[in-house]
Amino acid sequence: MSVLNEVAPLRIAVLLTALMTAPAALAATPAPAGRYAVDVDATYQALVEAKAATETSRDQLERQKDLIFLEFGAETLSFVAGPQLGGGVKGSCRWRLEQDRIRVDSCRQPDGRPFSVKGQIGFEADSGTVTLTGNTPVPVRYHAQ
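The sequence shown begins at 5 in our numbering and counts up one residue at a time.
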């Protein structure tokens, strides 16, 4: 009985430690949060490396950087227009992170009409970068503001 009395508190302490550290480990998993804007320099550099940059690539990226922002909430990804497009949320989707891909569903415009997101949305946890792959030669890179 004496051995049981000594082992039981030790097991309880180990169990409590595991339970207390598990939520912290889960919370530490990187995921996008807040507002993201086009990273002109990183996207342009990717175009140069892919030998896809043109004379106007940087200028085009500079003009586009304030048009649309990505805003990540706990469960919602919103596409927010910049001042040149009148501001405000232009659409929202539910999102979830699956490894390095952001999956979206239930996308709705402000009036409730559905829309779809073409291309792929990625997340590079080490740099905190969101990428959009679609109709451009390289993924467009977004950084947190």
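Think of the CB as a built atom: it goes at the ideal place given N, C-alpha and C, for glycine as much as any other residue.
- Who are the near neighbours of proline 118 in its chain, counting only those whose CB is closer than 7 Å to its CB and skipping five residues on each side? Cys111 and Arg112
- Could you spell out where the beta strand (DSSP E) holding valine 41 opens and where it closes? Residue 41 is actually alanine in this sequence, not valine. Unbroken beta strand (DSSP E) run through alanine 41: 38 to 42.
- Query: What is the DSSP secondary structure of glutamate 53, counted as helix, strand or coil?
  - Reply: helix
- Message: So the candidates are Ala85, Gly95, Asp45 and Arg107; which of them puts its Cα closest to the Cα of aspartate 115?
- Response: Gly95
- Item | Identity of the residues DSSP links to arginine 100 by a beta bridge | Arg107
- Could you check where the beta strand (DSSP E) with glutamine 124 kicks off and where it finishes? 124 to 128
- What number of angstroms, rounded off, separates the C-alpha of glutamine 68 from the C-alpha of proline 143? 14 Å
- Query: Apart from the five residues on each side of it in sequence, which residues of its chain come closer than 8 Å, Cβ to Cβ, to glycine 38?
  - Reply: Glu75, Phe76, Ala148 and Gln149
- Distance between threonine 60 and tyrosine 146 (C-alpha atoms, nearest Å): 20 Å
- Message: Report the CB separation of glycine 138 from proline 34 in whole angstroms; it is logged as a contact under 8 Å.
- Response: Rounded, the Cβ-Cβ distance is 23 Å, inconsistent with contact.
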